Structures are given as structure tokens and as C-alpha cells.
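Numbering (UniProt numbering), first residue to last: 1 to 550.
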């Protein structure tokens, strides 16, 4: 199975987290797009990457001004992988803009390298930044230490001679035109345009008569308000223009040869340039990840050889942000579970789904080499993440239950492939008796496999019948209920949310079925006769066996 599909990524909140990590350069964005998660057997590589990230986080905390300088340099860096790779083709000749971008990368790389050395961050990179002083000097010939680029005369003596020849002819042409136009401009008190045109209002009849009588201009066009005259080229002007055209062709041929020579020089240093691009891309993306970690008080995940996931005060950032906007705090969650099946029970509004999303999100973040929002996170790498998405599949005509079973068929088949399997409200889309039986079979099967499976359910008997790890949402806080009792009917769900303790506690013995739902219904003013009946039925089967009655 694929490590994480797009639908699950969005559902657990990772897509939003990943989008919030923003490199500032085109190269950093490219590095982010190409980044893939670390998988089992890549534990050491991930440990190394997380160590490097931790080092950078400390540097940013202590030397943020220097990191800010690096980011300012990164903003001006373009993605020129294509240009460098093109230079390696014998048929390619880079243009002036491409050559400028290569020169710019060299200059920015040197500046970044200087700061990297100052901060002692050389060990972040698999390969060191390469200086290419010979190439930089070659790209700077005749440019007075300018960071821009142009084809100066120093690249070729013949180019200089050709340019001087062109400039001489252009000067002669200007002089010839001035000789022709100066008298007309003086008489008409107007100036010719660059393309040798002169426009005159029809109200200026004296000027029009003068121009019509001149043998130096001809009427070119006329509209309701203006007449436009054009300078008549003399034989001398035509000859000069023809010569200039020929010299320009000669100049372009020579410039092409010079550009080819420059392209060849770039090709000689292409491997060093590509390594520098890799380093810049990696640095930019790592800075973005480090700043994300700092902003969210995230910690370095601990990779263990034990087949478990252990969370201390874990926070789901996306849900936490939404709650903060509403003036509510996220309740951090503690969990510890191993390979096999783990069950979570509790009321509908008790946060079971949030717990599953938290487990998935922290695991995915860690395998994408991110620090995670928790006090501590210890885990063993997984080959894939499955999170149940049990909405109806309209296109295939499958119901909620049918969709769930179809998906679980593939998950169970991959159950021995060291995955993380998270199932929310297992088999809830069918009648309770069959749902319980199917859920029992799935959980028992997954418990024998080498994936970590965490399942939420309303089937309390599953927890009592199966010998597996069981967590229970603590549920309504009775002290808070007493405190807010008089406000519950007025403010309803908002107050109940404040009274809910979303923390999970390990259940070490069989328990009676929780009755938070009946309690909540009563607090919201539901019909008391119905609630009494419900309590009597619950008390008649304290194990929740009513689910057998369908």
C-alpha cells in the first residue's frame, strides 16, 4: 500500500500542515515537492535528518538575524536546474538571461556559504558548497565587479572590432539624418520621431505647405486632424542602413560563438553548480521546517526499535487552531500502544475520532522528518497509514458499510506489512448484532498481525470480550457539570464541551457501559420518561448486550 493517499492526508490534517511549511525560494519549493517520507529500514537516515533539524532549530533560536540574511538571499535564487542541465548538451547555447542566472547562483551561493561557515552549519549538508572562482571571473569579464551580466568586448577581440565598426556606421547615419532634418525641424519647430516621422495638425497650414513643397519628406498618412510626413531616405542613408544590417548580422554570429564558449565553461563546472543548487534547496526547505517547529513548540520524535507508539501531551495543530479561534483550548492526549489491536471507547462527542487523527498526524509528520506537537513522541516507523473514511460512495452505489468493508478488505490483506491502521466506529453502518460480530472478527484478526491497529467503537462488549489494550475517554467531568449546571440548557453544546474531559485512560478491568449519552440528553432537557426507560434498559444489561437485539 502507498504510505499515505491524498484523501487520508486531507482527512487527518497533514495536507494543511504540509501546506503551512513555506520555503522562500523556487529551489526550496522544488525540494519540498520532491520530499518523500522515511520508511522502515530507513531509521538511521531519519534519525540523522531529525538531528540536523534540531541543530538548525537551536541556531535559529540563537542567531535569527543571520538566518534572516540567508532567507533574504534565498528569495533572489531561481530554479536553474534546467539551465545547468541544458549547458551539458553539445547543441545548447545559453542566452544572456540564462548566463546571468548562473552567475547569480554562484554569487548567492558564496554569500550563503559564508554565513553557513560563520554559524558552523557545514555538517548539515552531505556535500559542501563548491566555490567556482574561475567560472565567476570568466562570467565577470569587463563588468567592473557588477553582479549583472553582459557580453563585454573582453570576451573576444573580433567582437570589439565589429562593435566599433557598427558604432561608427550608426554615428555616420545619425549625422546624415541630422543634416537632412535639422533645417526642417528648425522651420517647423518640431522634431522627427525615432522612426523619422513628423506629425502636423491640419490647423498648421503654413507648416503643411512647407513640408509638401520639400523634397526631403513625403506625405505618409492623413486623418481628420493630423497629417504625418516621413523622411525620404537618401542613397547615402540607404547604404549606411544596409551596411549596419550586415555588421549586426556579423555581430550576432560572433556573439553566438562567444555564448557557446561561455556555455562550455559553465558545462565544465555543471556538477559543482548542481550540488550547490541541491544544498540551497535543502537549506531553504529545512529552514521552513525548523521555523514551523519553533512556531508550534514541537519536539523531536524518538525512533525506537520497539513496535509501539507513545504520545505524551500530543496536540492536533489543525483542530487546536480551530478551537483557539472559538476561545477553546485543545486537551492534550496521552497514549501508548503496541502492535496488534487497541480499542478506544467513549461517547460520540468524546473526542475518539480526534485521538485517531492525532495518532495518524504525529506519525506522518515524524516520517516526513518534522518535529511534532507534543511533550514526547516515541514511535516505530510504519510502511503505510490507513485512516477509515466511511462516507457513502455514490459513484459505485455502495453504502457507508459497503465502502468501509471494501476498504478494510485491502487493509486486512496488508495487515502484516507493518502499517498503522486507524478505524473510526468500526462496522457502525449495519445492524448492531452483525456489526458487533464483524467488528469482533476484524479486531481479532488485526490483533494477530504486525501492524499497529487502533479502533474506536460504541460496541462496549468488544472491550469486555476481547483480550486487547483498551482506552476509555474520561467523559463528562462531574465537578464541571455541577459548576455549569444552571447554564447548560441555555447555552447547550458549548457548555457541555467545556465539561467534557477528552483525555484517555487505560482500562485494566471490564467496565459497565458508560451512560454519558443519557446524561447529556437529560442535561439538554430531553423527555424524562424516555430517559428513565433508557436507563432501565441499560441497567438490565450492564455489559451493553442490547446491541445483540439488533
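Idealized CB from N, CA, C, for every residue including glycine. All values reported here derive from a predicted model rather than from experimental measurement.
Excluding five sequence positions before and after residue 375, the CB atoms of its chain that fall closer than 6 angstroms to its own CB belong to 312 and 313, given in chain order.
Excluding its 5 nearest sequence neighbours in each direction, residue 61 has C-beta neighbours in its own chain below 8 angstroms: 294, listed in chain order. Taking 4 residues as the minimum length, the alpha helix (DSSP H) runs contained wholly in the region 18-92 are 26-34, 43-62, 64-75 and 81-87, in order along the chain. If the five residues before and after residue 114 are omitted, its C-beta is found closer than 7 angstroms to no C-beta atom of its own chain. Note on geometry: alpha-carbon atoms of residue 180 and residue 243 lie some 20 angstroms from one another. In this model, residue 457 and residue 331 are separated by some 21 angstroms (Cα to Cα).
Its chain contains 244, 247, 248 and 251 as the residues whose beta carbon lies nearer than 8 angstroms to that of residue 166, once the 5 sequence neighbours on both sides are disregarded; these appear in chain order.
As the crow flies, the alpha-carbon of residue 380 is around 10 angstroms from that of residue 367. Measuring C-alpha to C-alpha distances from residue 84 to each of 67, 72 and 103 identifies 103 as the nearest. The beta carbons of residue 420 and residue 439 sit about 19 angstroms from each other, so the pair does not count as a contact at 8 angstroms. Within the region 309-377, the runs of alpha helix (DSSP H) at least 4 residues long that lie entirely inside it are, in chain order, 317-325 and 352-367. Where residue 289 is concerned, the enclosing alpha helix (DSSP H) starts and stops at 270-295. The alpha-carbon of residue 371 is positioned some 45 angstroms away from that of residue 93. Between the alpha carbons of residue 285 and residue 318 lies a gap of roughly 21 angstroms.
When rounded, the separation of the alpha-carbon atoms in residue 22 and residue 466 is 46 angstroms.
Where residue 475 is concerned, the enclosing beta strand (DSSP E) starts and stops at 469-476. Taking a C-beta distance under 8 angstroms as the contact criterion, residue 186 and residue 220 do not qualify as a contact pair.
Between residue 140 and residue 77, the beta carbon gap of about 19 angstroms keeps them out of contact (Cβ cut-off 8 angstroms).
Counting along the chain, residue 94 sits inside no alpha helix (DSSP H), nor does DSSP assign it H or E at all.
If you check the CB distance, residue 50 and residue 373 do not come in under 8 angstroms. Taking the C-beta atoms as reference points, residue 442 is found no nearer than 8 angstroms to residue 47.
Inclusion of residue 287 and residue 109 in the CB contact set at 8 angstroms is not warranted, their separation being larger than that value.
Ranking 7, 11, 3 and 2 by CA distance to the CA of residue 353 puts 11 first.
Bounds of the beta strand (DSSP E) holding residue 503 are 500-506.
Going by C-alpha positions, residue 223 is about 11 angstroms away from residue 199. Going by C-alpha positions, residue 377 is about 11 angstroms away from residue 308. Per DSSP, the continuous alpha helix (DSSP H) segment holding residue 11 begins and ends at 6-12.
Sequence-distant Cβ neighbours of residue 29 in its own chain, meaning closer than 6 angstroms and more than five residues away, are 23.
Put simply, of 183, 356 and 16 the residue whose alpha carbon is nearest the alpha carbon of residue 337 is 356. Scanning its chain for C-beta atoms nearer than 7 angstroms, with the 5 sequence neighbours on each side dropped, one finds around residue 411 the residues 386 and 421, in chain order.
Residue 416 and residue 53 have their C-alpha atoms spaced approximately 32 angstroms apart. Listed as beta-bridge partners of residue 222 by DSSP are 227. In the three-state scheme derived from DSSP, where H, G and I count as helix and E and B as strand, residue 132 is classed as coil. Per DSSP, residue 197 is one residue of the beta strand (DSSP E) stretching across 197-201. DSSP places residue 531 inside the alpha helix (DSSP H), whose first and last residues are 528-540. Just measuring C-alpha positions, the residue of 155, 343, 195 and 273 sitting nearest residue 255 is 155.
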